[in-house]
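For the sequence shown, the residue numbers in my numbering are 779 to 1018.
Beta carbons are placed, not taken as given, at the ideal position from N, Cα and C, and that holds for glycine.
This report refers to the structure that appears directly beneath it.
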Amino acid sequence: SPATGKTPFSPATPQRRLNKNLLETYFMSGYDNLISKQCPLKEKNETKNASNSNQKTVKVELEIPGVKINITKEIIIIDALKETNMIEWFRELEQISEQNKWTEQQLLEILPYIIIDKKIDTVSHLSSYEDFKKHALLVAYPKESSLTVLRILDKTKQAEFYTVEEYHDFIKRKLEIYMLNIKCPKTEIERRTEEYFFNGLGSYTADYLIKNKYKNFKEKLEDLMRIENELKTKNRTETE
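This is the structure in structure tokens:
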């Protein structure tokens, strides 16, 4: 079956049989199977999210240009590095800073109040925002994390995720951690993302991509996401 990674057709099956209906049947079946397999993980993630909801936060007002209302955004106060994705945390902080037009000095003054984990040195690394960010990320993800990331990615499979998009995003996030300690060009990271993505694909999904022509990896990913979205929409319509 598709969920086990085995191709549902023998090598001798004529390519013309891999028509739109069979493809949709495969993806529909595969999607349903993945949802079923993911239920325990979903419950685990929901428990983790509930835990995160207990973290302390500080509220910040976002100034929206041209709009007379302000939106309140919560920033997690970092008192335990392991409980937060620090790459995403810094990305969100930078978005808020850009939205509110904070200066670098203002950011530096804020940081000691929102990162209180004792492992982070908020005194010696406040000469610049980038210096502080680099220090915090290296503490959160030490060099040995790079080897751990590669071991995880070597075992990562498409069938462990609800959708292709989640599968791709997981690989991308892990490689962001890998990048912190390994100096390599952006093109190399993109190559590795594509490599790990294809290494863990189900065989039928991989065959589908091989049999179709694409200009680049982005087009392949968008096509798979389009098919999944269409099938999920169709499935919801049929079950209503």
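### Message
At the level of alpha carbons, what is the spacing between residue 851 and residue 866?
### Response
In the sequence shown, the residue the question calls residue 851 occupies position 73. In the sequence shown, the residue the question calls residue 866 occupies position 88. Residue 851 and residue 866: Cα-Cα distance of roughly 15 Å.
### Query
Can you list, in chain order, the stretches of the alpha helix (DSSP H) that have 4 or more residues and sit fully within the region 860-904?
Fully enclosed alpha helix (DSSP H) runs of 4 or longer: 864-878, 882-892.
#### Entry: Residues that residue 836 bridges to, as DSSP identifies them
Locating residue 836 in the sequence shown gives position 58, counting from the first residue. BP columns for residue 836 point to 853.
### Task
Have a look at the DSSP bridge pairing and note the partners of residue 841.
In the sequence shown, the residue the question calls residue 841 occupies position 63. Paired residue(s): 848.
### Query
Looking only at its own chain, which residues have a Cβ that is under 7 Å from the Cβ of residue 1003, when we skip the five neighbours before and after it?
As a working mapping, residue 1003 is identified with position 225 in the sequence shown. Closer than 7 Å at the Cβ level, and outside the excluded window around residue 1003, lie 942, 943.
### Query
From this set, 843, 848, 951, which residue's C-alpha is nearest residue 837's C-alpha?
Numbered from 1 along the sequence shown, position 59 holds the residue referred to as residue 837. Cα-wise, what sits closest to residue 837 is 848.
### Query
Considering only the beta carbon of each residue, do residue 856 and residue 835 sit closer than 8 Å?
Within the sequence shown, numbered from 1, the residue matching residue 856 stands at position 78. Within the sequence shown, numbered from 1, the residue matching residue 835 stands at position 57. No; because the gap between Cβ atoms is not below 8 Å, this pair is not in contact.
### Task
Using the Cα positions of residue 963 and residue 970, report the straight-line distance between them to the nearest angstrom.
By 1-based counting over the sequence shown, the position of residue 963 is 185. By 1-based counting over the sequence shown, the position of residue 970 is 192. Between the alpha carbons of residue 963 and residue 970 lies a gap of roughly 11 Å.
### Query
With a CB to CB cut of under 8 Å and the five nearest residues on each side skipped, what residues in its chain are close to residue 1011?
The sequence position of residue 1011 within the sequence shown is 233, counting from 1. Same-chain partners within the cutoff: there are none.
#### Entry: From 861, 843, 989, 1000, residue whose alpha carbon lies closest to that of residue 918
Taking the first residue of the sequence shown as position 1, residue 918 is located at position 140. In terms of CA proximity to residue 918, 861 leads the group 861, 843, 989, 1000.
### Query
Which residues bound the alpha helix (DSSP H) around residue 954?
In the sequence shown, the residue the question calls residue 954 occupies position 176. Residues 942-959.
### Message
Do residue 891 and residue 1080 count as a contact pair if the criterion is CB distance below 8 Å?
### Response
The structure shown does not extend to residue 1080, since the chain is modelled only from 779 through 1018, so no value can be given for it.
### Task
Locate the alpha helix (DSSP H) running through residue 987, then write down its first and last residues.
As a working note, residue 987 is residue 209 in the sequence shown. Following the DSSP letters along the chain, one finds residue 987 inside the alpha helix (DSSP H) bounded by residues 981-988.
### Task
Give the secondary structure of residue 1009 by DSSP, where H, G and I count as helix, E and B as strand, and everything else as coil.
Taking the first residue of the sequence shown as position 1, residue 1009 is located at position 231. Annotated three-state conformation of residue 1009 is helix, per DSSP.
### Query
Which stretch, first to last residue, makes up the alpha helix (DSSP H) that contains residue 906?
Sequence index remark: in the sequence shown, residue 906 carries index 128 (1-based). Here residue 906 belongs to no alpha helix (DSSP H), and DSSP marks it neither H nor E.
### Query
Do you know how far the Cα of residue 913 is from the Cα of residue 955?
The sequence position of residue 955 within the sequence shown is 177, counting from 1. The sequence position of residue 913 within the sequence shown is 135, counting from 1. Going from the Cα of residue 955 to the Cα of residue 913 covers about 14 Å.
### Query
So, is residue 916 buried or exposed, given that buried needs 16 or more other C-beta atoms within 10 angstroms?
Along the sequence shown, one-based indexing puts residue 916 at 138. Residue 916 should be labelled exposed.
### Query
If you draw a straight line from the alpha carbon of residue 996 to that of residue 949, how long is it in whole angstroms?
Locating residue 996 in the sequence shown gives position 218, where the first residue counts as 1. Locating residue 949 in the sequence shown gives position 171, where the first residue counts as 1. For residue 996 and residue 949, the distance between alpha carbons rounds to 14 Å.
### Query
Can you give the beta carbon distance from residue 960 to residue 924, rounded, assuming they're within the 8 Å contact cut?
As a working note, residue 960 is residue 182 in the sequence shown. As a working note, residue 924 is residue 146 in the sequence shown. Under the criterion of beta carbons closer than 8 Å, residue 960 and residue 924 qualify as touching, at roughly 6 Å.
### Message
Taking a contact to mean a Cβ-Cβ separation below 8 Å, would you say residue 871 touches residue 895 in this structure?
### Response
Here the question's residue 871 lines up with position 93 in the sequence shown. Here the question's residue 895 lines up with position 117 in the sequence shown. The answer is no: Cβ separation not under 8 Å.
### 8 Å CB neighbourhood of residue 1000 in its chain, flanking five on each side removed
Reading the sequence shown from its first residue, position 222 is the one you call residue 1000. Leaving aside the five residues that flank residue 1000 on each side, none in its chain has a CB nearer than 8 Å to its CB.
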